[in-house]
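Engineer: The listed protein sequences correspond, in order, to chains A and B.
Under the UniProt record's numbering, the letters of the first sequence match residues 1 to 200, in that order.
Under the UniProt record's numbering, the letters of the second sequence match residues 1 to 200, in that order.
Protein chains: 2
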Amino acid sequence: MEVASEGKAPRTERGRRTLRAILDAAAAEFGEKGFHEGSISGITRRAGVALGSFYTYFDSKDAVFRALVRDMSAQVRDHVAPAIRAAPDGIAAEQAGLSHFIDFVRAHKEIYRIIDEAEFVDAESFRAHYATTAERIEARLRAAAARGEVRADVGAAHAWAIMGMNVFLGLRFGVWEEDRPAEAIAAEMADFLRHGLAPR
Amino acid sequence: MEVASEGKAPRTERGRRTLRAILDAAAAEFGEKGFHEGSISGITRRAGVALGSFYTYFDSKDAVFRALVRDMSAQVRDHVAPAIRAAPDGIAAEQAGLSHFIDFVRAHKEIYRIIDEAEFVDAESFRAHYATTAERIEARLRAAAARGEVRADVGAAHAWAIMGMNVFLGLRFGVWEEDRPAEAIAAEMADFLRHGLAPR
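1. Below 7 Å between beta carbons is the criterion; list the residues of the stretch 120 to 138 of chain B that meet it against any residue of chain A, in chain order.
2. Taking the alpha helix (DSSP H) that LYS33 of chain B falls in, what are its first and last residues?
3. Give me the chain A residues within the contact set of HIS195 of chain B, using Cβ-Cβ distance strictly less than 7 Å, ordered along the chain.
4. Going along chain A, which residues have a C-beta under 8 Å from VAL175 of chain B?
5. CB GLY174 of chain A to CB ILE102 of chain A, shorter than 8 Å?
6. Jot down the residue ranges of each uninterrupted alpha helix (DSSP H) in the stretch 67 to 129 of chain A, minimum 4 residues, whole runs only, in chain order.
7. Using only CA atoms, which one of B:ARG11, B:ARG77, B:ALA93 and B:PHE192 lies nearest to TYR57 of chain B?
8. State yes or no: is the beta carbon of HIS108 of chain A nearer than 8 Å to at least one beta carbon in chain B?
9. Quick one, which of B:ASP59, B:GLU119 and B:SER41 has its alpha-carbon nearest GLY31 of chain A's?
10. Report yes if the C-beta distance between GLY164 of chain A and LEU193 of chain B is below 8 Å; otherwise report no.
11. Give the DSSP-derived three-state secondary structure of ARG193 of chain B in the structure shown.
12. Taking just the CA atoms, how far does LEU197 of chain A sit from VAL49 of chain B?
13. Please list, in chain order, all residues of the same chain as LYS61 of chain A whose beta carbon is under 6 Å from its beta carbon, the five residues on each side excluded.
14. Less than 7 Å separating the Cβ of ALA187 of chain A from some heavy atom of the ligand NAP?
15. Could you check what DSSP says for ASP179 of chain B in three-state terms: helix, strand or coil?
16. Given a cut-off of 8 Å on the beta-carbon distance, is the pair GLU149 of chain B and ILE91 of chain B in contact?
17. One question on the structure: do ILE185 of chain A and ALA134 of chain B come within less than 8 Å of each other, judged by their Cβ atoms?
18. To be precise: take each residue of the UniProt domain "HTH tetR-type" (16 to 76) of chain B, compare its Cβ to all Cβ atoms of chain A, and keep it if any distance is under 9 Å. Which residues remain?
19. SER5 of chain A and ASP59 of chain A look like a contact to me (Cβ under 8 Å); what is the Cβ gap, rounded to whole Å?
20. In this structure, how does DSSP classify GLY7 of chain A when only helix, strand and coil are distinguished?
21. If you draw a straight line from the alpha carbon of ILE22 of chain B to that of VAL69 of chain B, how long is it in whole angstroms?
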């Protein structure tokens, strides 16, 4: 994925590791302080890199924040994708996706603050994150419908509904409290989906 | 509802009208500019009131923003409540709630920016808004379960799932695009809920 500022992509493995360290430090910095209070010096201190290294990859605080939103969006997708692909049917795929999403959120609680703040700092990335997530869910639902696993008329509203369920279940059971296993929540929701979207 | 700063509640009908005008102006100001760029002078200009009138009711920009979050939360609740109460059963109540919610959002598109920015400006009101909304949905689901209209074991996860569906359907079909009637979305989701939560 292209995350560094234009013309600043790392060319070596060592450069890629430094870029990764800067992005992880940016997640901690913006997750804890928010965009306005967060600073480039706070990021380089957390990453243990010199200020010059930051500017090797990014032009500005805005640029690293935009990169971080796209990076977190990609990290979530990559974390849930293998479990979704391995699932035996469409509903099991959504179940695995939700379970792994809650796990990811518990390990990266800052993701909500970062994606949510993007609405104000980088509206385009915010919109892209949700639009592409909904498109992926809709494509999976349509494939499941073609296999006869769910009703034939699944569409955008179902996809947005499932995305909204997942986002708020992640907030309540991943960020706010961890009072139930992720698998239990995902199983309960899969039952809800399996009956709610059953072929007619 | 107590929205003015402590000791500053209006005592006359005229005072209540001025307070209402200030809150509506604050919704427009913060909805358009965000909290950081929005200003008290922008609010009083939009409301057509003197700066002194603002301080008659609010201590600060923070105070009027906090009041606005609680006011918008209450406005949504009051807008959907009569239709929910008039519905013939629990699923029809959720259907009516979603349909009226999307209508409200279309008429008050700034609500998303304001509630979402509260996560950063006034975390307590943000949390209270979603916690109380989920509690209301869960109470309705449990009442419907007691009447045998939905499965007996409905709980917090179902309530958070429904809230998340509604929030994201409102964003997609209320704020971003108005490409389908609110009633059609709500009917599709009610069918989903009716089968998904059917008594076993």
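No residue lacks a Cβ here, since even glycine has one placed at the ideal position from N, Cα and C.
Keep in mind it's a predicted model, so treat the numbers as computed, not measured.
Structural biologist: Let me spell this out:
1. Per Cβ criterion, the list reads PHE120.
2. Where LYS33 of chain B is concerned, the enclosing alpha helix (DSSP H) stretches over 13 to 37.
3. The contacting residues are HIS195, GLY196 and ALA198.
4. None at all; the shortest Cβ gap to chain A is about 11 Å.
5. yes
6. 90 to 107 and 110 to 121
7. B:ARG11
8. no
9. B:GLU119
10. no
11. Sequence inspection shows Leu at residue 193 of chain B; the Arg mentioned does not correspond to that position. Here LEU193 of chain B sits in helix by DSSP.
12. Approximately 53 Å between the Cα atoms of the pair.
13. ILE40
14. The model depicted lacks the ligand NAP and carries no ligand whatsoever.
15. coil
16. yes
17. no
18. Residues GLY34, PHE35 and HIS36.
19. 4 Å between Cβ atoms; contact.
20. Here GLY7 of chain A sits in coil by DSSP.
21. In a straight line, the C-alpha of ILE22 of chain B is about 13 Å away from that of VAL69 of chain B.
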